[in-house]
Ligand code: HEC
Ligand code: HEC
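In our numbering, the protein residues as written are 4 to 296.
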């Protein structure tokens, strides 16, 4: 009997420790939020980050960043909210620390867990300066006083707290770490692709829980049902006939080496993000994708 009760007590202790671990706050590297933000630079970071493609209802000519079309996933429809400077309908009342929490940990004001349909698992890698610039640029947007619609997601995914467990299992807040053996250009490309531009959000396969399988970075889901995401790893891109200039042409002109159009979701990435990039950043991205320097 004694033995059994000790066993039971141990079991309860382990179960509680497990639950405590599961729901303990997600840590991660601290950000320097004392940097001075710059609106013009931040407007460019909005374009690097592709915020417009999701947070603007482009089809209906909706106002800039005032809320987008639902993202349809196997877990339900997620509506990208209004992120204009409006204090009620948008994020105008958010502090820089709250905004940084959303971008770096998927954690909104009051500890609200955000869904990974918002690609914070890429944005966590962004530099402190880019986060601060982004914040001041969003605070300088026209306030639009209309809230976006609610998500349409069923049980149990509608329980935000469950995202805490998801993060424990699949998410680690990190910053981009440059590879000292590679050129500055290659590192800038790696930063852009894996951080703000979140290319892996579509081109890296996900597991059954919707988490990116980082060991298969950029492997795509070329055998999936349409709309599928092609592989964009260096070998595949080269085999497809891309060189650096050709890749830049495709990422801005929207034509692949067979003169087929890159449409759908990629068309939006091109129009709302890549077409606004500087030639230097496009060159860095393409050098990194093709692994050419
Ligand atoms: C792939 C689509 C997508 C992209 C790209 C995207 N977002 Fe979002 N974003 C979402 C979705 C969906 C949500 C809602 C998440 C939730 O409710 O948990 C969201 C939520 C947010 C929130 C929290 C707002 C709130 O009211 O809780 C902020 C802030 C935000 N996004 C900022 C940005 C910024 C800044 C960018 C560009 C750097 C960006 N997003 C790019 C889809 C996207
Ligand atoms: C919202 C999802 C999404 C994001 C984010 C995204 N892509 Fe794509 N991408 C697609 C889709 C879908 C296609 C296929 C388009 C088609 O064939 O019409 C594609 C096609 C491509 C192709 C053409 C591949 C080939 O075989 O010719 C390249 C190159 C590419 N993407 C690069 C990128 C890069 C670089 C980024 C980040 C800056 C990126 N994509 C971000 C969805 C996305």
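Cβ coordinates follow ideal geometry from the N, Cα and C atoms, glycine included.
Quantities reported herein were computed from a predicted structural model and do not represent experimental measurements.
For the candidate residues the options, whose alpha-carbon lies nearest to that of residue i?
i, options, result
"residue 290", "206, 185, 162", "185"
"residue 175", "208, 191, 122, 223", "122"
"residue 59", "85, 35, 81, 76", "85"
"residue 211", "24, 40, 77", "77"
"residue 151", "128, 97, 68, 218", "68"
"residue 57", "274, 36, 254", "274"
"residue 124", "94, 197, 277", "197"
"residue 192", "8, 97, 296", "296"
"residue 287", "190, 54, 106, 65", "190"
"residue 82", "95, 250, 45, 120", "120"
"residue 281", "20, 18, 44", "44"
"residue 145", "204, 31, 66, 223", "66"
"residue 26", "117, 165, 110, 160", "165"
"residue 297", "106, 266, 138, 200", "Given a span of 4 to 296 for the chain in the structure shown, any question on residue 297 remains unanswerable."
"residue 31", "63, 40, 106, 37", "106"
"residue 199", "183, 19, 178", "178"
"residue 294", "115, 195, 237, 20", "237"
"residue 225", "206, 242, 241", "206"
"residue 87", "110, 46, 113", "46"
For residue i, is the classification buried or exposed, using 16 other Cβ atoms within 10 angstroms of its Cβ as the cut-off for buried?
i, result
"residue 50", "buried"
"residue 3", "The structure shown does not extend to residue 3, since the chain is modelled only from 4 to 296, so the question has no answer here."
"residue 33", "exposed"
"residue 90", "exposed"
"residue 284", "buried"
"residue 181", "exposed"
"residue 245", "buried"
"residue 22", "exposed"
"residue 155", "exposed"
"residue 75", "exposed"
"residue 248", "exposed"
"residue 232", "buried"
"residue 72", "buried"
"residue 102", "buried"
"residue 98", "exposed"
"residue 216", "exposed"
"residue 3", "Residue 3 lies beyond the stretch modelled for the chain, which goes from 4 to 296, so this question has no answer here."
"residue 12", "exposed"
"residue 8", "exposed"
"residue 19", "exposed"
"residue 136", "buried"
What does DSSP give as the partner residues of residue i in its beta bridges?
i, result
"residue 156", "79"
"residue 258", "264"
"residue 108", "For residue 108, which the question treats as bridged, DSSP gives no partner whatsoever."
"residue 209", "215"
"residue 116", "110"
So is residue i in contact with chain D if we call contact Cβ pairs under 8 Å?
i, result
"residue 179", "Here there is only one protein chain, and chain D is not present."
Legend entry - Segments of 3+ residues assigned as beta strand (DSSP E) that fall wholly inside the segment 18–83: 74–76, 79–81
Inset, instruction - List in chain order: all unbroken alpha helix (DSSP H) runs of 4+ residues lying wholly within the segment 163–213. - result: 165–173, 187–197, 203–206
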